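Counting in this note's numbering, the sequence shown runs from 1 upward without gaps. Ideal Cβ positions, reconstructed from N, Cα and C, are used throughout, including at glycine. None of the values given here were measured: they were computed from a predicted structure. Encoded as structure tokens, the structure appears first; notes follow it.
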Amino acid sequence: MKIAIMGAGLSGLACALTLEQKGITPVIFEKRREFGDRFVNCEILLSALSKPINDAIKYFSEKHKIYLNPASNIKELIIHSPHQTAVIKGNLGYTNLRGRIDNSFEKQLGQQVKSKVRFKSSKSYEKLLHEYSHVILATGDAAYAQKISSYDTAFTVKLKGANIKGDFAISSVHAWLNNDFAPQGYCYLIPISHDRANIVIAYPEYPRNKKIDSNLLWEKFKKGVANTLNQSLEIYEQFEITEYMVGICQYPRIGNTFLVGNNFGSIMPFLGFGQVAAILTGIYAALDISGQGDYQDLTKRLRKSFNNSLTLRKTMEKMSNDNFDTLVKSLKGRIGQGIFTGKLNYLKVVSKLLKPFV
Ligand SMILES: Cc1cc2nc3c(=O)[nH]c(=O)nc-3n(C[C@H](O)[C@H](O)[C@H](O)COP(=O)(O)OP(=O)(O)OC[C@H]3O[C@@H](n4cnc5c(N)ncnc54)[C@H](O)[C@@H]3O)c2cc1C
């Protein structure tokens with residue numbers, strides 16, 4: 001068996017690490033110069049959105065010997081709508097770094113991998129398929145998935161973000177549900193450290209949203225953040241992503257090609273979470289290759305989660321700012337606390353109830 005992994009991101013490196021554990025050595029092909037060679041941002045792992053896995057860091061280390069250090073734990077999630085604020089407290093999950101910064105998830109995984117990595121690779125999938133018996137497509141976008149498989153695009157997303165300097169509570173994450181900042185989308189602030197944070201607006205690129213000037217939304221959001229935090233924002237880095245694909249492939253394995261990470265459809269449409277599913281797909285592909293499972297079967301639960309998450313998104317897209325106020329008001333107190341800290345997969349239950357209506 002000769003195995004090529006195309007892409008040294010979360011799913012590709014998780015696949016390589018699992019294969020190595022099974023005594024199989026792949027070759028990794030990465031188009032960039034080093035692990036995590038891209039813009040810096042901070043992401044989160046929210047326990048409420050990765051059920052039945054409660055603590056993803058613990059799960060990957062204990063169950064799969066993949067070791068990841070978060071930037072911080074999340075002790076407080078502050079959700080803002082135009083006129084309401086809900087503060088949820090508890091062990092809610094973790095923040096983690098990505099990209100060109102020490103301790104980013106890609107760099108941490110890269111340090112654990114022993115397989116050969118060919119950086120600055122320009123090898124196409126077709127060429128790899130010719131030279132290797134198995135190819136893992138882990139390129140972080142769905143371009144190849146669209147080309148070689150049936151890939152259902154649910155929607156594409158525009159993301160506009162920046163890293164800012166200021167004074168931040170390291171364990172407090174802010175989220176905004178406000179159509180004036182991100183129509184049918186969401187915005188957030190995740191602390192990178194006590195004096196740096198990542199702010200982002202993300203919204204679906206439906207034709208009506210494409211007509212809106214994203215710079216205007218961005219200016220409104222920045223003002224909103226400054227008002228909420230009661231401090232001025234000093235931006236030191238910015239990034240913008242357009243046409244970020246959210247969708248799912250119909251066939252995760254085609255011959256000896258495995259679609260993992262975003263090529264599989266790891267981004268959950270509701271709030272764009274994809275890290276846990278990306279790592280899982282990498283692990284599952286490796287389990288299949290080493291004869292310990294069937295990739296199609298192993299990914300069935302993720303496919304269900306994707307569909308549930310899409311139902312929640314469709315519901316959210318219909319909501320006005322008044323609806324967001326009502327929702328956020330209802331998240332204050334025991335309901336919000338139960339959803340974000342309870343053992344039950346509330347979001348799965350809610351999406352099941354909503355399915356007939358969307
Ligand atoms: C701004 C932003 C914020 C996000 N926030 C969150 C969050 O808070 N929580 C969460 O769970 N998820 C979040 N996500 C989603 C999450 O980051 C992704 O789902 C996850 O990284 C996907 O992993 P992957 O392995 O598919 O791709 P990646 O980790 O992106 O890795 C892809 C790798 O493939 C390489 N590559 C690309 N093309 C080629 C090629 N032709 N040849 C060789 N190599 C190639 C890339 O350089 C990269 O190294 C966010 C995404 C974005 C964009």
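**OP:** Check whether the Cβ atoms of ASN263 and ALA138 sit closer than 9 Å, and answer yes or no.
**Re:** yes
Subject >> 7 Å Cβ shell around GLN296 - same chain, five flanking residues per side excluded >> reply: PRO252, ARG253
**OP:** Name the two residues that bound the continuous beta strand (DSSP E) containing GLU237.
**Re:** 234–249
**OP:** Determine the DSSP secondary structure at LEU326, reduced to helix, strand or coil.
**Re:** The question names Leu, but residue 326 is Thr in the sequence shown. Residue state, collapsed to three classes: helix.
Original post:
Between the region 123–132 and the region 177–185, do at least 3 Cβ pairs fall closer than 8 Å?
Top reply: no
Subject >> Endpoints, the alpha helix (DSSP H) within which GLY161 is located >> reply: Taken as a continuous stretch (DSSP letters only), GLY161 belongs to no alpha helix (DSSP H), being part of the beta strand (DSSP E) at 151–165.
**OP:** Return yes when the Cβ of PHE29 is within less than 9 Å of the Cβ of GLY7, no when it is not.
**Re:** yes
Original post:
Any chance the CB of ARG313 is under 8 Å from a heavy atom of ligand 1?
Top reply: no
Subject >> Contact belief for GLU106 with ASN163 at Cβ below 8 Å, rounded distance in angstroms >> reply: Not confirmed; about 17 Å, so no contact.
Subject >> First through last residue of the beta strand (DSSP E) which encompasses ILE24 >> reply: Careful: ILE24 lies outside any beta strand (DSSP E) and carries neither H nor E.
Subject >> ILE79, enclosing beta strand (DSSP E) - first and last residue >> reply: 72–80
Original post:
Who are the Cβ neighbours of PHE60 in its own chain at under 7 Å, not counting the five residues just before and after it?
Top reply: ILE66, LEU68, ILE279
Original post:
Looking at the structure shown, is LYS348 part of a helix, part of a strand, or coil, going by DSSP?
Top reply: helix
Original post:
On the premise that PHE306 lies in contact with ALA285, defined as a C-beta separation below 8 Å, what is that separation, rounded to the nearest angstrom?
Top reply: The pair is not a contact, with the Cβ atoms about 17 Å apart (cut-off 8 Å).
Subject >> C-beta contact flag for GLY261 and GLY12 at 9 Å >> reply: yes
Original post:
When the Cα of LYS114 is compared with those of VAL200, LYS22, SER104, THR95, which residue comes out closest?
Top reply: LYS22
Subject >> Under the three-state DSSP convention, the category ALA4 falls into >> reply: strand
Original post:
Can at least three beta-carbon pairs, one atom from the region 317–329 and one from the region 41–53, be found at a separation below 8 Å?
Top reply: no
Original post:
Short check: CB of LEU189 to CB of VAL225, under 9 Å?
Top reply: yes
Subject >> Residue ranges of each beta strand (DSSP E) within the region 42–114, 3 or longer >> reply: 72–80, 85–98
Original post:
Quick one, which of GLY9, PRO70, ILE78, CYS42 has its alpha-carbon nearest LEU331's?
Top reply: ILE78
Original post:
Given a threshold of 16 other Cβ atoms within 10 Å of its Cβ, counted over all protein chains shown, does LYS160 qualify as buried or as exposed?
Top reply: buried
Subject >> With 16 other Cβ atoms within 10 Å as the buried cut-off, status of GLN108 >> reply: buried
Subject >> Reference ILE148, options SER124, SER171, PHE168, closest by Cα >> reply: SER124
**OP:** Assign TYR206 to buried or exposed, taking buried as 16 or more other Cβ atoms, counted over all protein chains shown, within 10 Å of its Cβ.
**Re:** exposed
**OP:** Could you tell me if the beta carbon of ASP55 falls within a distance shorter than 8 Å of some heavy atom in ligand 1?
**Re:** no
Original post:
So, is LEU216 buried or exposed, given that buried needs 16 or more other C-beta atoms within 10 angstroms?
Top reply: exposed
Subject >> Limits of the unbroken alpha helix (DSSP H) element including VAL225 >> reply: 214–229
Subject >> Alpha-carbon to alpha-carbon, GLN112 and LEU312 >> reply: 36 Å
Original post:
Using a threshold of 8 Å, is the CB atom of GLU30 nearer than that to any non-hydrogen atom of ligand 1?
Top reply: yes
Original post:
Is ASN263 near ligand 1, in the sense that its beta carbon is under 8 Å from a heavy atom of that ligand?
Top reply: yes
**OP:** If I'm right that PRO82 touches PHE324 with Cβ under 8 Å, what's the distance once you round it to whole angstroms?
**Re:** 7 Å
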